[in-house]
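Below is one structure, written out as structure tokens, with a few remarks after it.
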Amino acid sequence: SSAAQSAATSPSLAARYHLSGHEDVIEDVCWQPGSAEQLASVGDDQKLLLWDLRTNKPSHVVNKAHGATDLHCVDWCALDSNMLATACAKGWLKVWDTRKMQVGNENSAVKTLRAHQQAIMRTEWCPHRKDIIATGSEDKLLAVWNISNDEEAPMEVDGEDGATVEPLDSSVPPELIFQHAGHRSPVVDFQWNPHDPWSIVSVSDDVSSGMAGGTMQIWRMNDLIYRDRDEVISELDAHRDFILHGNNAPPSKVG
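Numbering (UniProt numbering), first residue to last: 1 to 255.
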């Protein structure tokens, strides 16, 4: 056929490298920022592999990086090339420091976090902050994490009578700062806006819920979520009477 003849005469593009190390489907791959030779890959063989093209073999192999479960995604931090994140079919997020990685040791991750109840389909570092990561999951949620919050205790709030109100559910990881629950179906992809900090576009596969096609949402977190805690408390405290009792409303903004 003409199509077959065209294919036979068209130029071919040969691969520059053939990398062999995974034993099952490779689910995701990511270049190390600033490097033309180093990359990471994860797969259904439960492995995290770091590659150096100059040696054509893995420089690090972490077997069962998330235990006995498939790895779905990997992302390298653009602001700190030593840091990368992986996520798996059981909803766990792990953060790795390549300087501290131990070959074959799944426990050498510097962070192990979970808030999703189903598989994480994508993870991505914030392009503006090296301590912020987002994850999208089949549980229809998109979570935003601040990995520098590990030692921060749950916020205590003074009640109206001066007594201390018990903090919210202590089982929630302190690193989890926000969950977007606007999708009705699994979140299959998302991306941070590289030019508008804290803005995200996310998409869900609504076909699975009996709807036609999918949904794309563009959203931005309220700045009270990610600003300095003391600064936020000070700002809210100035309006305490209005928040608690509806008195002394702040002046409305015009324009």
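Yeah, the Cβ is synthetic: ideal placement off N, Cα and C, and Gly gets one too.
Run of the beta strand (DSSP E) containing Gly236, from where it starts to where it stops: Locating residue 236 in the sequence shown gives position 236, where the first residue counts as 1. It should be noted that the sequence gives Leu, not Gly, for residue 236. Counting along the chain, Leu236 falls outside any beta strand (DSSP E), though it belongs to the alpha helix (DSSP H) covering 229-237.
Asp230 versus Ile177 - alpha carbon distance: Taking the sequence shown and counting its residues from 1, one reaches residue 230 at position 230. Taking the sequence shown and counting its residues from 1, one reaches residue 177 at position 177. Computed Cα separation, rounded: 16 Å.
First through last residue of the alpha helix (DSSP H) which encompasses Ile225: Taking the sequence shown and counting its residues from 1, the one referred to as residue 225 is at position 225. Element bounds for Ile225: 223-226.
Endpoints, beta strand (DSSP E) assigned at Asp28: Residue numbering aside, residue 28 sits at position 28 when the sequence shown is read from its first letter. First-last of the beta strand (DSSP E) with Asp28: 26-31.
Own chain partners of Asp80 with C-beta closer than 7 Å, once the 5 adjacent residues on each side are dropped: Taking the sequence shown and counting its residues from 1, one reaches residue 80 at position 80. Around Asp80: Lys130.
Nearest to Glu138 (by Cα), restricted to the options Lys57, Asp189, Lys111: For the purposes of this step, residue 138 is taken as the residue at position 138 of the sequence shown. Answer by Cα proximity: Asp189.
For Gly246 and Leu49, the rounded distance between their alpha carbons: For the purposes of this step, residue 49 is taken as the residue at position 49 of the sequence shown. For the purposes of this step, residue 246 is taken as the residue at position 246 of the sequence shown. Cα to Cα, the separation comes out at about 57 Å.
Inter-residue CB distance, Glu27 and His72 (contact presumed, cutoff 8 Å): Within the sequence shown, the letter at position 27 stands for residue 27. Within the sequence shown, the letter at position 72 stands for residue 72. With a Cβ gap of about 5 Å, Glu27 and His72 count as contacting.
Beta strand (DSSP E) segments (min. 3 residues) lying fully within the segment 32-112: 38-43, 48-52, 57-62, 71-76, 83-88, 92-97
For Arg184, the residue or residues it bridges with in DSSP: The count along the sequence shown starts at 1 and reaches residue 184 at position 184. Arg184 is not bridged to any residue.
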